[in-house]
Amino acid sequence: MRPINAIAILPLCLTAVGAASTLFRGGTVVAFNKQTQGLNVIRGGSVLITNDRITGVFTSAPSKVPAGTEIVDITGKIITPGFIDTHRHGWQTAFKTIASNTTLIEFFGRYSSFVAPFFWNATDVYDSQLAGLYEALNAGVTSSLDHATHTWSKDASSAGLQACIDSGARVFWGFTFANITGLVTVEDLYPVIREMAKKPGLRNSPTTLGIAYDGWGPNPNVAEINKIMALAKELNVSVITTHSLQGPWGFNNSPEDIHALNYLNISTPIVFSHASFLTPAGAALLRSTNQYISITPESEMHYGQTHPVSYNIQDQASLGIDTHITFSTDILTQARIWLQQTRYERYLDVLEQSKLPRSNPMSAEQAFLLATRHGGLALRRPDLGIIAEGAKADLVIWDGNSPALLGWVDPVAAVILHASVGDIEAVLVDGKWVKRGGKLVAKGWPDARANFLRTAKRLQAIWRDMPMPEPPAEFNGVPVVSPVQADVLRGPGNGYGNVYI
Ligand SMILES: [Zn+2]
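In this text, residue positions in the sequence shown follow our numbering: the first is 1298, and each later residue adds one.
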């Protein structure tokens, strides 16, 4: 990296008074082709950003750049859009690694917002949310839709939102309306979200206000929903999100539920997390109203939400992470798991007919688009998740000479199938560097790290001493039974072992 000599470029200057420009020169650009709606790989290409936007994508180094442009040589490197995570519970970071073998029912009863608020204070929420966002930024996740279940009080809401603003990440912060027995009612939260909408610093940050709500059905409280949707309109929220499972899990929040209340076909994006048991009618509604689901591959495997029909709705799907306390926080891993899971399932269809597959059912490019562009589509932000003129300057630069990538030819395959977070050299959000030279450079990171360690230690000690609950015999009226356990030991015993906390 070397700044261009200001005198040398003077005769070539375009006018851009007061603008901050950076030119990434000479790398492999994974750009977006608006005509084909697919990727356009440019070798030896350049990307110019001005303030928060991409203002030029070039097949070679441009002869003219604005005065004062910083030139960054990316020869041998790959530049891609930042990843977009459309489902996350960011505040929970302090629980990391203490719930490695948890079930979903155990999660609800032990780690969810129905339990945690009785032990967490607002500072804990701030520290935990901020550390989680730095973890995501480090992994190239520049945008996330946060189903922010930490809005159980004004202080906790304010702390989590402030952490989003302070992180510099692009967070679609979904203020959650939920009744928590013994603590808060939805009614209490109406004035809180209004106050959050006025938070200083929100307007000038990449973070926006959204709404998360899981009460659409069955048996919805229609008066409550009407009030929440009126607030969504009044506050012009950027997104609405809901946990949608159906099937044996029993909590619906299906497209049909929302459509029945006349709220599906609206200008605000509605993101359905999981949608594991989406019906054909629900899929048709998503397509006709252009609403999206968030497939969270690792979560749906870890907890058993599963995704038996999600393969059929990938044209209206994006990718999410969910509880990053129990597994990867990077969308790259989600894209890879999902790609191979889709291949596995589609191959199995053929093998079960005693036949052999003659083509590969899903491509690396399709996985790349789900991890980037489709997140932008789910959020109705076509300026996110792509490298194209006019798009937001949310970018990731990959070290093409790392041991994992050395020898790459196809940059999409290199990223989707070979790279890891360790190969991410730089990350920018809104044109601002948050990671550079392989390290987080966001100015809040050193303090955030120290504060988070204190918070995590205190909270983890509380949970370590908390007795594990017995699984219930039923959940939402459905019997709860044990799956077949893996056995990794020869002879007696199965090697299940312990958690080491
Ligand atoms: Zn979730």
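Built from N, CA and C at the ideal position, the CB exists for glycine as well. Just so you know, these numbers come straight off a predicted model, no measurement behind them.
Judged by DSSP secondary structure, residue 1322 falls outside any alpha helix (DSSP H) and instead within the beta strand (DSSP E) spanning 1318-1330. Residue 1466 and residue 1503 do touch by the CB rule: their CB atoms are close to 7 Å apart, below 8 Å. The beta carbon of residue 1461 sits closer than 6 Å to those of 1468, 1470 and 1504, all from its chain and outside the five residues before and after it, given in chain order. Residue 1435 sits buried, since 16 or more C-beta atoms from the chains shown fall within 10 Å of its C-beta.
The alpha-carbon separation between residue 1492 and residue 1417 amounts to approximately 21 Å.
For residue 1668, the uninterrupted alpha helix (DSSP H) segment begins and ends at 1661-1668.
Counting only the Cα atoms, residue 1447 lies some 11 Å from residue 1412. Non-local C-beta neighbours of residue 1613 in its own chain, meaning closer than 8 Å and more than five positions away in sequence, comprise 1580, 1583, 1584, 1587, 1588, 1589 and 1590, ordered along the chain. For residue 1338, the uninterrupted beta strand (DSSP E) segment begins and ends at 1335-1347.
The beta carbons of residue 1371 and residue 1685 sit no closer together than 8 Å. Put simply, the backbone Cα of residue 1428 is about 6 Å away from that of residue 1745. Put simply, the segment 1400-1410 does not touch the segment 1740-1758. Fewer than three CB pairs are less than 8 Å apart. The three-state reading of DSSP puts residue 1363 in strand, counting E and B together.
In terms of Cα proximity to residue 1593, the closest of 1791, 1556, 1635 and 1566 is 1635. Within the segment 1689-1724, complete beta strand (DSSP E) segments of at least 3 residues are found at 1692-1695, given in chain order. If you look at residue 1431, you'll find it in the alpha helix (DSSP H) that goes 1419-1435. Relative to ligand 1, the beta carbon of residue 1409 is positioned no closer than 7 Å to any heavy atom. If you check the CB distance, residue 1691 and residue 1441 do not come in under 8 Å.
Residue list for ligand 1: 1384, 1386, 1444, 1540, 1570 and 1619 (CB closer than 6 Å to any heavy atom, chain order). Taken in chain order, the complete alpha helix (DSSP H) segments of 4 residues or longer contained in the segment 1465-1540 are 1483-1494 and 1519-1531. The three-state reading of DSSP puts residue 1775 in strand, counting E and B together. Nearest neighbour of residue 1732 by Cα position, chosen from 1569, 1438, 1513 and 1535, turns out to be 1438. In the DSSP secondary-structure assignment, residue 1736 is bridged to 1733.
Following the DSSP letters along the chain, one finds residue 1606 in no beta strand (DSSP E), marked with neither H nor E.
In this model, residue 1400 and residue 1791 are separated by some 19 Å (Cα to Cα). In this chain, residue 1601 is not harboured by any beta strand (DSSP E), its DSSP state being neither H nor E. With a 10 Å radius around the Cβ and a threshold of 16 neighbouring Cβ atoms, residue 1663 comes out buried. Residue 1726 is bridged by DSSP to 1729. Rounded to whole angstroms, the gap between the alpha carbons of residue 1349 and residue 1687 is 10 Å. Of the residues assessed, residue 1796 falls on the exposed side of the cut-off, its CB having fewer than 16 other CB atoms within 10 angstroms. If you look at residue 1571, you'll find it isn't in any alpha helix (DSSP H); it sits in the beta strand (DSSP E) that goes 1567-1571.
Excluding five sequence positions before and after residue 1643, the CB atoms of its chain that fall closer than 8 Å to its own CB belong to 1608, 1654, 1658 and 1659, given in chain order. In this structure, the CA atom of residue 1424 is about 45 Å from the CA atom of residue 1645. Between residue 1598 and residue 1605, the alpha-carbon positions lie close to 11 Å from each other.
Residue 1675 and residue 1534 do not touch by the CB rule: their CB atoms are close to 15 Å apart, not below 8 Å. When secondary structure is reduced to three states using DSSP, residue 1672 falls in the helix class.
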